[in-house]
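Below is one structure, written out as structure tokens; the observations come after it.
2 protein chains.
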Amino acid sequence: MEFSEHIKTANVEDVVLQQPLHPPSRGTLCITGHHLLFSHREEQDSSGQVLLLLRNIDAIEKRPFPVWTVWRTCTPSSTDHVMPSSATSGASPTLRSITLKWRSWYYRNCRGLPNWNHDVTGWSHGDAGFVLPRMQSGFGHSVQHERWRLSTVNRDYSVCVSYPTAVIVPKEISDDTLKKVAKFRQGGRFPVLCYYHRKNGMVIMRSGQPLTGANRKRCKEDERLLQAVIEDSDKGYIIDMRSAQQAQQARMTGGGFESKSCYNSWRRLHRHMERGKTLQESLIKLVEACADKSHNMGRWLSKLENSKWLSHVQTALSTAGLLVECLERDGHSVLIHDSDGIDSTLLVSTLAQLIMDPSCRTLEGFLGLLEREFVQAGHPFQQRCAHSAFSHARLQQESPVFLLMLDCVWQIWRQFPLALGFSEALLLRLATEAYASNYGTFLSNSDMERHAAQVKDKTQCLFRALLKPREREQYTNQLYEHTELAIWPSVHPQSLQLWRGFFLRWTQQTRHLEEVQQEIRNMVIESGKTALSF
Amino acid sequence: MEFSEHIKTANVEDVVLQQPLHPPSRGTLCITGHHLLFSHREEQDSSGQVLLLLRNIDAIEKRPFPVWTVWRTCTPSSTDHVMPSSATSGASPTLRSITLKWRSWYYRNCRGLPNWNHDVTGWSHGDAGFVLPRMQSGFGHSVQHERWRLSTVNRDYSVCVSYPTAVIVPKEISDDTLKKVAKFRQGGRFPVLCYYHRKNGMVIMRSGQPLTGANRKRCKEDERLLQAVIEDSDKGYIIDMRSAQQAQQARMTGGGFESKSCYNSWRRLHRHMERGKTLQESLIKLVEACADKSHNMGRWLSKLENSKWLSHVQTALSTAGLLVECLERDGHSVLIHDSDGIDSTLLVSTLAQLIMDPSCRTLEGFLGLLEREFVQAGHPFQQRCAHSAFSHARLQQESPVFLLMLDCVWQIWRQFPLALGFSEALLLRLATEAYASNYGTFLSNSDMERHAAQVKDKTQCLFRALLKPREREQYTNQLYEHTELAIWPSVHPQSLQLWRGFFLRWTQQTRHLEEVQQEIRNMVIESGKTALSF
């Protein structure tokens, strides 16, 4: 039975909508199979509409007196929409059918685009040209290099379900070898190149954990692949984002780590980073602390500490710092992985590239970085961002890894206000879009799933949309000054702070800071600096 | 025996100086009876000199290995000057002679001003014209008003040692009555007008506590004075910045509060605010937390909470908010006092005026406010700011009330980035000057002491110096937009934060924020906005 068949009353008149930072307003509420629509009584055009995708509703609360329904939407510490409960008795929080229907609906109804092709939807960049720019810039545009090659061994997703169709690997390693290595690595994630440092030719590789298991299985092909990464006389570093103890324990369930004896050109470092449930619980605690109405200062600071969110920010940044130290300062190639290589691995590799490489710090460069290191690299957005902090559902796969990455980028932006070409507004937009989006970019869990669901045909690309002139202007850091240097963030506890712009965004104060940004933007435009810088 | 006679070696060559955010530098160290001078070897002009007033040194530490001496100077979380200990064995932290000698020395040697007059030193504003602008603007320039008058009953400081020579009181209250009231109020601080709200004619009065004592003494003159403040049918509010219990206990030591029966037109509210030692200890804990080198995020947040500094900020702002509510929103006059009326009373009255009155929010207006409500109103700067957070001395009278006020103003500035005409740099400068200054403004404890010490003849005025074009440009908020409205700060714990610009000022990060300010300043100047706004 379709959800739409459960709807008893599709239209309710004279409904009051309350949203943070807006006065209450009266209008009509309409529920469809995929959306909740609220039309303000006064305004007739579409700007007077609130359009809420049902699957973006985290929780519905019925408050006994007065009779209101609170719709808690997906973004943490977000818009709560309060409405009289009589209007919406048909809806329940279980309606999470993962389909593309609503997105098609969105473009048909809201954008008026009867036919779209790749150019309109903006997906044309989704090939190696946009996905692999860091390698290109190192290799020249032909993607030719004496030591590295583009492999399409995964062209039908049969070797690794979470990898894209094209990856970069050492030139001397054949596709057949790769297939064998894939069987030895968690999720088939054989080591691939994700960053080539032009200054010294060193690289960042990433993978899943090796499946050594309890009886210390070896894989000659895996060992050869890693040996091919480094020059004969050189050493490499493996940064394992689990504690040494966790890595040991992983052997009991078929996982494991690279032992010294088998990989003697590589030195292993363990840096424990929280993932999964722990991170999600940390977010829930933080959002709960931010929503606390108590006036007790001690209570707030103690809850903030208790959530441990800032400790996770600190660990992520310092692990990225360690990677940069190994690669940029000490001149060694690095392989990073945790167990499955789709969460903290991507987080740390993204941050390290941002710290080291000035071309990742422009608006376009940063979006390209996210496309490569999160979207194409197989971060399972659908699972990780299905529910956010308000959900009453039993959370299984949810984890705010992407949000943590954005928070870390914000900390860097705060510490180096001139070094990044994009603004806080971009990070806020991305944080929102990851949880509730009208675009297809964060849909599905991998390139394979997106391909199967025809995401590129049925939806538009967020990153392309953000690069259009009007949006670009909004998300550009007007104070940006290019620097070739690495930007080393301080990870002292005193140097890190709560990302108020996001976690406390529904406060008047944040509005005032937005005014300031606008004011600066206006000034820059007035002074004609725009023309000089961009 | 003069301190200078203790000096065994006045000049030491080849000394290494280390300062935060500067590379170490070699030079010559010279000690005089009042200053420590360090001349860099390379630079011959005076910009290559570090001039350290001996009385601004909070503590001297001798570190065994390597043999260094650490000079901890007066400003919290401040410049530590590290030097080899052999150079300075004659100095000890006991050298706190409170004289004007050094200031005279400063102007003779560093400014090259052989003769100065009032215009040069900038003290000419120190009369009623600058001290009483809020009343003037309400009354017209003649300081004539139907209900208020300027009294010079304290012209020789015989009625109240901590008041200036001229104060504003109800017109119908004679100087003789004032003398009697002064005997009934702690420290002779009879109720005086400190703010006249033009919108509704209501006022803020401030005073010391009434000396009712254990046997509930009354003072008819005091009751008459307060009755004269309000219209016959009206009500007034007394905000007592002690808890009800503390106010009761004060009676045992001769103090007390305004009882309901004797002052039946006034309603008393108690809002406990910490003062004195508790506040100083809070500052010491906070500075210690900020200097903590541990990488533990939890430890930092827990120390921050433990210091309770942000709770004091919250209390101060919310008490000021209460005052504004009574006066601006509910339309009642307010009398505020704690016990002696020279600490939290001045803090709250300053903040309330900043919140309510747009003319206090310009650079000139804010400095005038500080001149009236702190300097002239008798905040004992000499005692309160003698030592700061690093001192090993037994602290008696020290209390960072002025610093707390600046912190609160910073919180307002952060919440309303367009509403104040001055910048964070001004607050930082004032915080530094209060503890270690080459100007006479924060010298001595009262107008009387400054008069006796001929401060106006022997020193220069800080506030005037800050208003000179070059300095003014530096301390102006380039984004300022005048607003007539009251700016109500949020006092939710989530809305308040550590004043990093001050407490963590010696970090690289703060330098970057200064770069941003400079960038914005440049942009404004380029865009010609300066000419439009000021």
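These protein sequence lines are chains Y and E, in that order. Taking my numbering, I'd label the letters of the first sequence as residues 4 to 537. Taking my numbering, I'd label the letters of the second sequence as residues 4 to 537. Think of the CB as a built atom: it goes at the ideal place given N, C-alpha and C, for glycine as much as any other residue.
DSSP beta-bridge partners of residue i
{"i": "E/M300", "result": "Paired residues: none, contrary to the question."}
{"i": "Y/C363", "result": "Partner(s): none; Y/C363 has no beta bridge."}
{"i": "Y/P213", "result": "Y/R188"}
{"i": "E/P472", "result": "DSSP, once it has assigned bridges, lists no residue as partnering E/P472."}
{"i": "Y/G443", "result": "Note: Y/G443 sits in no beta bridge, so no partner."}
{"i": "Y/D61", "result": "Per DSSP, none; premise fails for Y/D61."}
{"i": "Y/D243", "result": "Y/H273 and Y/H340"}
Alpha-carbon to alpha-carbon, residue j and residue i
{"i": "Y/S310", "j": "Y/R274", "result": "20 Å"}
{"i": "E/I207", "j": "E/D450", "result": "21 Å"}
{"i": "Y/S347", "j": "Y/E224", "result": "25 Å"}
{"i": "E/A294", "j": "E/Y478", "result": "27 Å"}
{"i": "Y/K263", "j": "Y/F405", "result": "32 Å"}
{"i": "Y/E234", "j": "Y/G334", "result": "12 Å"}
{"i": "Y/G279", "j": "Y/N448", "result": "15 Å"}
{"i": "Y/T444", "j": "Y/L409", "result": "16 Å"}
{"i": "E/H25", "j": "E/I10", "result": "29 Å"}
{"i": "Y/R245", "j": "Y/Q251", "result": "10 Å"}
{"i": "E/V134", "j": "E/L370", "result": "Summary for E/V134: the model assigns pLDDT 44, below 50, so the residue's position carries little reliability; its value from the coordinates is reported in the next sentence. Answer to the nearest angstrom: the Cα atoms are 10 Å apart."}
{"i": "Y/W269", "j": "Y/F193", "result": "16 Å"}
{"i": "Y/S145", "j": "Y/K174", "result": "In this prediction, Y/S145 has a pLDDT of 44, which is less than 50 and means its spatial position is unreliable; what the coordinates show is noted afterwards. Their Cα atoms are separated by approximately 15 Å."}
{"i": "E/Q542", "j": "E/L446", "result": "Absent from the structure is residue 542 of chain E, since the part of chain E shown begins at 4 and ends at 537."}
{"i": "E/Y198", "j": "E/R271", "result": "19 Å"}
{"i": "Y/E16", "j": "Y/R29", "result": "9 Å"}
{"i": "E/L469", "j": "E/D178", "result": "36 Å"}
{"i": "E/A319", "j": "E/W312", "result": "11 Å"}
{"i": "E/Q372", "j": "Y/L325", "result": "Residue 372 of chain E is actually Leu in this sequence, not Gln. Answer to the nearest angstrom: the Cα atoms are 50 Å apart."}
{"i": "Y/Q457", "j": "Y/L465", "result": "16 Å"}
{"i": "Y/Q22", "j": "Y/W509", "result": "10 Å"}
{"i": "Y/R475", "j": "Y/T365", "result": "11 Å"}
{"i": "E/F505", "j": "Y/L56", "result": "45 Å"}
{"i": "E/N3", "j": "E/G368", "result": "In the structure displayed, chain E extends from 4 to 537; residue 3 of chain E sits before or after that span and is not available."}
{"i": "Y/L507", "j": "E/Q497", "result": "8 Å"}
Reference residue i; option with closest CA among the options
{"i": "E/P361", "options": "E/H200, E/L196 and E/V184", "result": "E/H200"}
{"i": "Y/E226", "options": "Y/A13, Y/A185, Y/N218 and Y/S321", "result": "Y/A185"}
{"i": "E/E308", "options": "E/H298, E/G324, E/L409 and E/V290", "result": "E/V290"}
{"i": "Y/Y166", "options": "Y/I490, Y/L431, Y/R417 and Y/A380", "result": "Y/A380"}
{"i": "Y/N488", "options": "Y/Q356, Y/L370, Y/K471 and Y/H390", "result": "The identity of residue 488 of chain Y in the sequence shown is Leu, whereas the question assumes Asn. Of the candidates Y/Q356, Y/L370, Y/K471 and Y/H390, the one whose C-alpha sits nearest the C-alpha of Y/L488 is Y/Q356."}
{"i": "E/R417", "options": "E/S493, E/T353 and E/Q400", "result": "E/S493"}
{"i": "E/S37", "options": "E/D343, E/A456 and E/S7", "result": "Before going on, a small fix: residue 37 of chain E reads as His here, not Ser. Measuring from the Cα of E/H37, the nearest candidate turns out to be E/S7."}
{"i": "Y/V152", "options": "Y/A231, Y/S161, Y/K183 and Y/L214", "result": "For the record, residue 152 of chain Y in the displayed sequence is Arg; it is not Val. Nearest option by C-alpha distance: Y/A231."}
{"i": "Y/F393", "options": "Y/G258, Y/G30 and Y/K288", "result": "Y/K288"}
{"i": "Y/N203", "options": "Y/C329, Y/G301 and Y/H298", "result": "Y/C329"}
{"i": "Y/H383", "options": "Y/E401, Y/D179, Y/E474 and Y/T12", "result": "It should be noted that the sequence gives Pro, not His, for residue 383 of chain Y. The candidate whose alpha carbon is nearest that of Y/P383 is Y/E401."}
{"i": "Y/V53", "options": "Y/I63, Y/F41 and Y/I60", "result": "Y/F41"}
{"i": "Y/Q500", "options": "Y/V337, Y/N299, Y/C411 and Y/R219", "result": "Y/C411"}
{"i": "E/G544", "options": "Y/M300, Y/L304 and Y/F419", "result": "Not covered by the structure: residue 544 of chain E. The range shown for chain E is 4 to 537."}
{"i": "Y/E538", "options": "Y/Y483, Y/W491 and Y/H298", "result": "Nothing about residue 538 of chain Y can be read from this structure; chain Y reaches only from 4 to 537."}
{"i": "E/L228", "options": "E/Q248, E/E476 and E/T180", "result": "E/T180"}
{"i": "E/H454", "options": "E/N218, E/D159, E/F377 and E/W413", "result": "E/D159"}
{"i": "E/L407", "options": "E/R209, E/A434, E/G504 and E/Q463", "result": "E/A434"}
{"i": "E/L282", "options": "E/R387, E/D460 and E/K461", "result": "E/R387"}
{"i": "E/L350", "options": "E/P403, E/H298, E/Q481 and E/D460", "result": "E/P403"}
{"i": "Y/E484", "options": "Y/L421, Y/S440 and Y/F425", "result": "Y/L421"}
Expected contact under 8 Å - CB spacing of residue i and residue j to nearest Å
{"i": "E/G211", "j": "E/H340", "result": "6 Å"}
{"i": "Y/V164", "j": "Y/S154", "result": "No, Y/V164 and Y/S154 are not in contact; Cβ-Cβ is about 16 Å, not under 8 Å."}
{"i": "E/I358", "j": "E/A323", "result": "6 Å"}
CB contact check: residue i to chain B, cutoff 8 Å
{"i": "E/W269", "result": "No chain B appears in this structure, whose protein chains are Y and E."}
**Asked** In chain order, what residues of the region 306-335 of chain Y put their CB closer than 7 Å to some CB of chain E?
**Response** L307, E308, L313, S314 and Q317
**Request:** Using a Cβ-Cβ cut-off of less than 9 Å, give me the residues of the region 341-365 of chain E that come near chain Y, in sequence order.
**Result:** none
**Message:** Taking beta-carbon pairs under 9 Å, can you tell me which members of the region 497-511 of chain E lie near chain Y?
**Reply:** Q497, S498, L499, Q500, L501, R503, F506, L507, T510 and Q511
**Asked** Taking any Cβ of chain E, which residues in the region 275-297 of chain Y have a Cβ under 7 Å from it, in chain order?
**Response** C293
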